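Number of protein chains: 2
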Amino acid sequence: MKATDRQLHLNVFLMGNGHHEAAWRLPGSSPQDVTNASYYVKLLQTAERGKLDSLFLADSYALPPTIRYKVLQSLEPFTLLSALAMLTSRIGLIGTASTTYSHPYHVARQFASLDFISGGRAAWNIVTSTNDATAHNFADEKLPEHGERYKRAAEFLEVVQQLWDSWEDDALVQDKASGIYADPGSIHDIRHQGSYFSVRGALNLPRPPQGQPVRVQAGASETGKEFAAHAAEVVFTAQNSFADGCLFYTDLKSRMKKYGRQPDELKILPGFCPIIGDTEAEARDREAALHDHIQFDYGLLRLSNLFSTDMTGFELDEPVPVDFLAQQSEVNGHRGRYQLYVELARREKLTMRQLIVKTASSRGHYSMVGTPVQIADEMEKWWRGGAADGFNVMPPYLPEGLELFVDKVVPELQNRGIFRSEYTGTTLREHYGLQRPASIYGQTGQLAVKR
Amino acid sequence: MKATDRQLHLNVFLMGNGHHEAAWRLPGSSPQDVTNASYYVKLLQTAERGKLDSLFLADSYALPPTIRYKVLQSLEPFTLLSALAMLTSRIGLIGTASTTYSHPYHVARQFASLDFISGGRAAWNIVTSTNDATAHNFADEKLPEHGERYKRAAEFLEVVQQLWDSWEDDALVQDKASGIYADPGSIHDIRHQGSYFSVRGALNLPRPPQGQPVRVQAGASETGKEFAAHAAEVVFTAQNSFADGCLFYTDLKSRMKKYGRQPDELKILPGFCPIIGDTEAEARDREAALHDHIQFDYGLLRLSNLFSTDMTGFELDEPVPVDFLAQQSEVNGHRGRYQLYVELARREKLTMRQLIVKTASSRGHYSMVGTPVQIADEMEKWWRGGAADGFNVMPPYLPEGLELFVDKVVPELQNRGIFRSEYTGTTLREHYGLQRPASIYGQTGQLAVKR
Ligand SMILES: Cc1cc2nc3c(=O)[nH]c(=O)nc-3n(C[C@H](O)[C@H](O)[C@H](O)COP(=O)(O)O)c2cc1C
Ligand SMILES: Cc1cc2nc3c(=O)[nH]c(=O)nc-3n(C[C@H](O)[C@H](O)[C@H](O)COP(=O)(O)O)c2cc1C
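Chains G and H, in that order, are what the protein sequence lines are. At position 356 of the first sequence (counting the first as 1) the number is 356 in the UniProt record's numbering, and the numbers step up by one without a gap. At position 70 of the second sequence (counting the first as 1) the number is 70 in the UniProt record's numbering, and the numbers step up by one without a gap.
See the structure below:
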């Protein structure tokens, strides 16, 4: 395998006891482990055995209204990812931070710090927050309007990138003899004064090992896609089908040119939730065991939140009211996901009950039940066929759902020569084939601090 | 030793290559390790060998203007402390967060998360920020006025404590059979609406293992001391002498009664910077090796920052201009430290050069050069004599300064029966003899989640 050969990328998205909303109720699940760092350590050691590119932790700053039925997502990402960095050596660490309810100085610093602690494995999933419950914890009545949030996100990101670059790569002198620790001439106040932020700088940490931690994004609206085309290096997306995946892939990559970017500077990873069995029947049994534990009261609540409309009055065995939903103009939160559900229900003529079941495993991400070979076939098809640069793997239940993927699907992909058998780099940028960016101030492109 | 016997407490305060400002220039120092988590892991493993109560990391959100001469403080505390939690098992982890430039939802969550990750070892050093450079990174011209900052701190803390308590200890049900994960009736929106914050709640994490992470504080002004008397459980303080230590100790403890608190609900730990030798001569040599590396240009800059006055024009061998300094009315930042330096210079009739040397080891904290027995004698004197419940140990250089303390002074204290030979508890509250607080909502006082 030549170093220039295109390779498939695999991120693992861990959430609670797995992505299936009923996973915590399986006999093999430990809901009490979700606040326990060693639970994640074991999972990540499995993922590193599979040579996966990265781990992703989602986040929001509010308690979901469905806590009665649904396991906690996880611990706070900065604290948990830093903890995990110490007991893993290669896997990338992608954490979420919101540009609507955080401050760029803190975010720049925490990702820089994580990048040092992990030896260059940090990435930021840039989100704008999607629910008013978060707004209520930060003195807002409602989330700012959708376009406004993305404007703020763009400025926020600009500030963070300037802060990461505020120390040139060679600013640390550390000369004991002369007593010069750092060269102030190579450390720059950013003096940012914008519409949302005023930040003098510089950062109180040197340029991180990756130069800049990797930028990840997952917006699906028009504005979200423009943002990604301009700024993201890895994109997560929920796609219902291979055909939809191809459309999204072509659409997003074609938007990059006007920002002066090459298509391979951005890796597109559709969500992929595999339910794996040595035989199809075994896989179906595993799916049935999960679906058996679905709570439809919870399903209706979940849909109500997504659609910002009370759905609890609708009959489970009636068709999804797609026309009614399409009329609801004001969806300020999860815009892309809203459309995806309505289209899915329309296309497949689903009842409410069916929509709940269909989205119970992975909330609208592509979900597949099959043997390791069938799953590898499907992944290869998406990857070769122009729908994906890799996948955001969403184990439906844990730890087994991840173990089966690593022990059965990964070897299948390796045998086909499309996925690495050993890590070839040490940083997240190296895993994804993303260049270390030159500083806006200095141009050496060398590591400032070696680990 | 009975469990009820009063014991001495030891916190280690790590900073850069040690507290002496020239420590990074010693042959045995590694300035490049300050951004390396494994450097701190080794130090903490030494501290755990010595059965120390806790580690403290200071923090600010701005690059010091003296970076030309002075090693970085450390990494961002939440990320670093979480990393350290994974490779230590008992030592408490005290991190700094500012109430002036952070948000209570984030702070509550990150300390709760650290408390879970560490199994109940988290504590928060509550600061209000002390310099305008921080203000400039958060869109402020200047730091808010001193009294205003403390008002905001009080409200901030109230919100954080309510968030920590927002889940009763028994709110997690996790009943797989019924599908009830948590009991919404035991999870409370805090609905806080105050002068500075409006936070709906609840926190998106259960009540942390300690119920509430420990509250640490280090203000020295009148307002700061009132705040501590009301709210702190551990207090750091800089004291020039045993006599000053006694005055501060009595003063602070006597302020607690009006808040309905017992004196032993708050532990006072004066800073203590030991330069240790097997003989006095050896200790003096170590001090001289450090002092030899002092840079007086840096010293003048440091004093200028502290006094908010340009001191670079003053002659090094002239007396400190104490009257001039006493007249400077507007010291909005480090009020307590300002007074301490002026008094020290007045009492000991110091020149500028002498003041710089005197404060180079520990910036005004008590500093002592001597043998392990002399140092243990002094500590015992402060502890028995009503000046301290323990010490904030500030190794002047690292790693040796800490190793000597752990291997030579700690056994001396243990032999005298005043310091533990084994950890008897697992949480930071247990180490300090502080009770796990009952929730404002529930009263069970039991651990919600066992680790
Ligand atoms: C895989 C994936 C993960 C996401 N993770 C988060 C998250 O952790 N926090 C969050 O607030 N939004 C998250 N989102 C939502 C998106 O980042 C985005 O904010 C949302 O789709 C709304 O933007 P849009 O209107 O451009 O689609 C995620 C979306 C996807 C597909
Ligand atoms: C040991 C010690 C550690 C401190 N650590 C910090 C810190 O990490 N960050 C900070 O902003 N201030 C720190 N301070 C400053 C105090 O917390 C306090 O903000 C300062 O003394 C000003 O308050 P005052 O005017 O009440 O004295 C520290 C003080 C002491 C004695």
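Cβ atoms here follow ideal geometry from the backbone N, Cα and C, with glycine treated the same way. Values in this document were obtained by computation on a predicted structure and should not be read as measured data.
- Within 8 Å of the CB of W24/H, the CB atoms of chain G belong to Q174, K176, Y181, in sequence order along the chain.
- Taking the C-beta atoms as reference points, Y196/H is found no nearer than 7 Å to T134/H.
- Short note on T128/H: C-beta closer than 6 Å to some heavy atom of ligand 2.
- Uninterrupted alpha helix (DSSP H) stretches at least 4 residues long and entirely within the stretch 222-292 of chain H occur at 222-231, 242-254, 280-291, given in chain order.
- At a C-beta separation below 7 Å, Y69/G has these neighbours in chain H: G179, Y181.
- Between E287/H and chain G, the shortest Cβ-Cβ separation is not below 7 Å.
- The beta-carbon distance between F307/G and Q327/G, rounded to whole angstroms, is 11 Å. This is too long to meet the 8 Å contact definition.
- Not one heavy atom of ligand 2 sits closer than 6 Å to the Cβ of G147/H.
- Within the stretch 197-222 of chain H, those residues whose Cβ lies closer than 8 Å to any Cβ of chain G are, in chain order, F197, S198, V199, R200, G201, A202, L203, N204, L205, P206.
- Of the candidates A228/G, T237/G, L72/G, L205/G, the residue whose Cα lies closest to the Cα of L75/H is L205/G.
- Residue contact with chain G for N305/H: absent (no Cβ-Cβ distance below 7 Å to any residue of chain G).
- Beta-bridge pairing by DSSP links G92/H to S54/H.
- Residues of the stretch 104-135 of chain H with a Cβ closer than 8 Å to any Cβ of chain G, in chain order: Y105, H106, R109, Q110, A112, S113, L114, F116, I117, A133.
- Judged by DSSP in its simplified three-state form, A133/G adopts helix.
- By DSSP's assignment, A97/H forms a beta bridge with I126/H.
- Spanning the alpha carbons of E21/G and R152/G requires a straight line of approximately 32 Å.
- Counting C-beta atoms within 10 angstroms of its own C-beta, Y181/G has 16 or more neighbours from the protein chains shown and is therefore classed as buried.
- Between the C-alpha atoms of G245/H and K51/H there is a straight-line separation of about 25 Å.
- Take the alpha-carbon of K258/H and the one of F13/H: they are about 31 Å apart.
- One Cα belongs to D189/G, the other to W24/H, and the distance between them is close to 25 Å.
- Within the stretch 115-203 of chain H, complete beta strand (DSSP E) segments of at least 3 residues are found at 122-127, 172-175, 180-182, 189-193, 198-201, given in chain order.
- If the five residues before and after R420/G are omitted, its C-beta is found closer than 7 Å to the C-beta atoms of Q7, K51, all from its own chain and listed in chain order.
- Rounded to whole angstroms, T99/G and L57/G show a C-alpha spacing of 16 Å.
- A238/H is not a Cβ neighbour of G390/H, given a cutoff of 7 Å.
- DSSP places R215/G in the uninterrupted beta strand (DSSP E) bounded by 214-217.
- Contact check for G92/H against R121/H passes: the beta carbons are separated by less than 7 Å.
- Within the stretch 353-430 of chain G, the complete alpha helix (DSSP H) runs of at least 4 residues fall at 372-384, 400-404, 410-415.
- Per DSSP, V34/G is not a residue of any beta strand (DSSP E), being assigned neither H nor E.
- In this structure, the alpha-carbon of G219/G lies about 35 Å from that of L157/H.
- The Cβ atoms of I375/G and P270/G do not sit closer than 7 Å to each other.
- The residues L57, D59, G95, T96, in chain order, have a CB closer than 7 Å to that of P77/G in the same chain once the five nearest residues on each side in sequence are set aside.
- Per the DSSP secondary-structure output, L10/H pairs in a beta bridge with F391/H.
- M256/G is outside the set of residues whose beta carbon lies under 7 Å from a beta carbon in chain H.
- Neighbours of Y61/G in chain H, taken as residues whose beta carbon is under 8 Å from its own, are Y105, H106, R109, N204 in chain order.
- Taking a C-beta cut-off of 7 Å against chain H, none of the residues of the stretch 144-167 of chain G qualify.
- Residues D33 of the same chain have their beta carbon placed closer than 6 Å to that of Y39/H, with the five preceding and five following residues left out of the count.
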